[in-house]
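A.B. asks: Residue numbers (our numbering), protein chains in the order written: chain E, 1 to 180; chain V, 1 to 180. This structure is in structure tokens; I'll ask about it shortly.
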DNA sequence: ACCTGAACACCGTTCAAGT
DNA sequence: ACCTGAACACCGTTCAAGT
């Protein structure tokens, strides 16, 4: 992880990311030009550091994911598996409500970039589900990828819709479908 | 439903819709300009008939919905409620796989236009669910709107993803969550 | 009334020219 | 090496000018 970038290049990259974090949190659709302008760099500079707009979203997304991923193992030691799963899903939901770019990234089901980017989330989900299978609380037919698709839908809803009671009901329904 | 449009205006409107149906089925993101060009009308003509691009999608969507809505009551007379629900969901899924604009419209959870446009679908879903409640096969806590959100997610997946086995598993999981 | 199509304000992205 | 910013090809949408 040594610095292979020239000092000014590194500064620009950091500035772009810093601006992007707040801009995308405020509005998921924030344009590249608005970000470069706020960061005080030319458009070309942006594309020197990120091949595409999606790559920028991906980078911001990756940083936010780490927070949530570390939460999984912590919850498992404290709660029963099903409760840990529920708590983790609620945490993600809460996080997505504030960080709009996360919700956008979660919804990128089609993008090839994101399917690999989702991997840490899938691993955490798998961890939680497997714990439930071992205690016999969850049935064994559930694939983490399947459940991730449904959760993705719920998490995005939480961002757009004022009604967060619905997202909670939906989570309960999914968990009930998972219980043995 | 009398013709209040001048003859040429009516022709143009019909042509736009005809082109849009095939164009949007081929690619959900088809541009307004590409549609007007293929329909042989100016851009201004388009906006005389449809206030916005979304309104066009909405119109095409509405026509396709009717086919699916009439299916609900038919299935109920033939099958047990849960089977009818399952069959209807699969039908929608199959339809969305071909008509991409339908998948796009289904995903428009946020758009105010669409939340009212979804109404017939919601009514059909309510019909199917209520039948299941009366026979005691489905539990009473399920709101049609809630389930619609999850199904929307599954239906869109079917369009993008080659893996349709997943969409079937997800449907089963949701239905299992509904069963009493 | 209704139509056309150039034009506008955006978007993501590229590339010649600078240091 | 890295940067700038005008320019490109798009997008949805508007509007003056025509019939």
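The beta carbon of each residue, even a glycine, is placed where N, CA and C say it ideally should be.
Exposed or buried, which one is residue 124 of chain V when buried takes at least 16 other CB atoms within 10 Å?
C.D. replies: Looking up residue 124 of chain V in the second chain gives position 124. Counting Cβ neighbours within 10 Å, residue 124 of chain V comes out buried, since at least 16 surround it.
A.B. asks: Residue 76 of chain E to residue 26 of chain V, Cα distance in whole Å?
C.D. replies: Within the first chain, numbered from 1, the residue matching residue 76 of chain E stands at position 76. Within the second chain, numbered from 1, the residue matching residue 26 of chain V stands at position 26. For residue 76 of chain E and residue 26 of chain V, the distance between alpha carbons rounds to 46 Å.
A.B. asks: In angstroms with no decimal places, state the Cα-to-Cα distance between residue 129 of chain E and residue 172 of chain V.
C.D. replies: As a first step, residue 129 of chain E must be located in the first chain, where it is residue number 129. As a first step, residue 172 of chain V must be located in the second chain, where it is residue number 172. So the alpha carbons of these two residues sit roughly 18 Å apart.
A.B. asks: Using DSSP bridges, identify the partner residues of residue 179 of chain V.
C.D. replies: Along the second chain, one-based indexing puts residue 179 of chain V at 179. Bridge partners of residue 179 of chain V: V:138.
A.B. asks: Along the chain, where does the alpha helix (DSSP H) that runs through residue 90 of chain V open and close?
C.D. replies: Taking the second chain and counting its residues from 1, one reaches residue 90 of chain V at position 90. 81-98 is the span of the alpha helix (DSSP H), which, as asked, contains residue 90 of chain V.
A.B. asks: Using 10 angstroms around the beta-carbon of residue 93 of chain E, count the other beta-carbons present and answer buried if the total reaches 16, otherwise exposed.
C.D. replies: Taking the first chain and counting its residues from 1, one reaches residue 93 of chain E at position 93. Buried, since its Cβ has 16 or more Cβ neighbours within 10 Å.
A.B. asks: Would you kindly work out how many angstroms separate the C-alpha atoms of residue 46 of chain V and residue 18 of chain V, rounded to a whole number?
C.D. replies: As a position in the second chain, residue 46 of chain V is number 46, starting the count at 1. As a position in the second chain, residue 18 of chain V is number 18, starting the count at 1. Near 13 Å, if we compare the C-alpha coordinates of residue 18 of chain V and residue 46 of chain V.
A.B. asks: Label residue 30 of chain V either buried or exposed according to how many other C-beta atoms from any shown protein chain fall within 10 Å of its C-beta, with 16 as the threshold for buried.
C.D. replies: Numbered from 1 along the second chain, position 30 holds the residue referred to as residue 30 of chain V. By the 10 Å Cβ count, residue 30 of chain V comes out buried.
A.B. asks: Run through chain V and tell me which residues come within less than 9 Å of residue 173 of chain E, C-beta to C-beta.
C.D. replies: As a working mapping, residue 173 of chain E is identified with position 173 in the first chain. Going along chain V in sequence order, the residues near residue 173 of chain E (Cβ under 9 Å) are 141, 142, 146, 147, 150, 174, 177, 178.
A.B. asks: When the distance is taken between beta carbons, is residue 15 of chain E closer than 7 Å to residue 39 of chain E?
C.D. replies: Numbered from 1 along the first chain, position 39 holds the residue referred to as residue 39 of chain E. Numbered from 1 along the first chain, position 15 holds the residue referred to as residue 15 of chain E. Yes, Cβ-Cβ distance for residue 39 of chain E and residue 15 of chain E is below 7 Å.
A.B. asks: Specify the secondary structure class of residue 118 of chain E as computed by DSSP and reduced to three states.
C.D. replies: Indexing the first chain from 1 puts residue 118 of chain E at position 118. The answer is coil: DSSP assigns residue 118 of chain E none of H, G, I, E or B.
A.B. asks: Using 8 Å as the threshold, is the stretch 98-106 of chain E in touch with the stretch 54-67 of chain E, meaning 3 or more CB pairs across them?
C.D. replies: Counting Cβ pairs under 8 Å, three or more are found: they touch.
A.B. asks: Would you kindly work out how many angstroms separate the C-alpha atoms of residue 81 of chain E and residue 86 of chain V, rounded to a whole number?
C.D. replies: Numbered from its first residue, the first chain carries residue 81 of chain E at position 81. Numbered from its first residue, the second chain carries residue 86 of chain V at position 86. Their backbone Cα atoms lie some 30 Å apart in a straight line.
A.B. asks: Kindly indicate which residue of V:115, V:10, V:133 has the alpha-carbon position closest to the one of residue 175 of chain V.
C.D. replies: In the second chain, residue 175 of chain V corresponds to position 175, counting from 1. Considering only alpha carbons, the answer is V:133.
A.B. asks: Given residue 122 of chain V, which residues of its chain have a CB within under 7 Å of its CB, disregarding the five upstream and five downstream residues?
C.D. replies: Position 122 of the second chain, counting from 1, holds the residue named residue 122 of chain V. So the qualifying residues of the chain are 144, 145, 148.
A.B. asks: Classify residue 105 of chain E as helix, strand or coil using the three-state DSSP reduction.
C.D. replies: Position 105 of the first chain holds residue 105 of chain E. Looking at residue 105 of chain E - three-state DSSP - the assignment turns out to be helix.
A.B. asks: Excluding the 5 residues preceding and the 5 following residue 12 of chain V in the sequence, name in chain order all residues of the same chain whose CB lies nearer than 6 Å to its CB.
C.D. replies: Residue 12 of chain V sits at position 12 when you count from the first residue of the second chain. The answer, listed in chain order, is 41, 45.
A.B. asks: What do you reckon, are the CB atoms on residue 56 of chain V and residue 20 of chain V nearer than 7 Å?
C.D. replies: In the second chain, residue 56 of chain V corresponds to position 56, counting from 1. In the second chain, residue 20 of chain V corresponds to position 20, counting from 1. For residue 56 of chain V and residue 20 of chain V, yes; Cβs fall inside 7 Å.
A.B. asks: For residue 178 of chain E and residue 142 of chain E, what's the separation of their Cα atoms in angstroms?
C.D. replies: As a position in the first chain, residue 178 of chain E is number 178, starting the count at 1. As a position in the first chain, residue 142 of chain E is number 142, starting the count at 1. Cα-Cα distance, rounded: 7 Å.
A.B. asks: Looking only at C-alpha atoms, which of E:91, E:24, E:53, E:169 sits nearest to residue 69 of chain E?
C.D. replies: Locating residue 69 of chain E in the first chain gives position 69, counting from the first residue. Looking at the Cα atoms, E:91 is the closest of the given residues.
A.B. asks: Going by DSSP in three states, residue 50 of chain E sits in which element: helix, strand or coil?
C.D. replies: Taking the first residue of the first chain as 1, we reach residue 50 of chain E at position 50. Residue state, collapsed to three classes: coil.
A.B. asks: Use the C-beta contact count for residue 22 of chain E: other C-beta atoms within 10 angstroms, 16 or more gives buried, fewer gives exposed.
C.D. replies: For the purposes of this step, residue 22 of chain E is taken as residue 22 along the first chain, with counting starting at 1. Answer is exposed; the Cβ neighbour count stays below 16.
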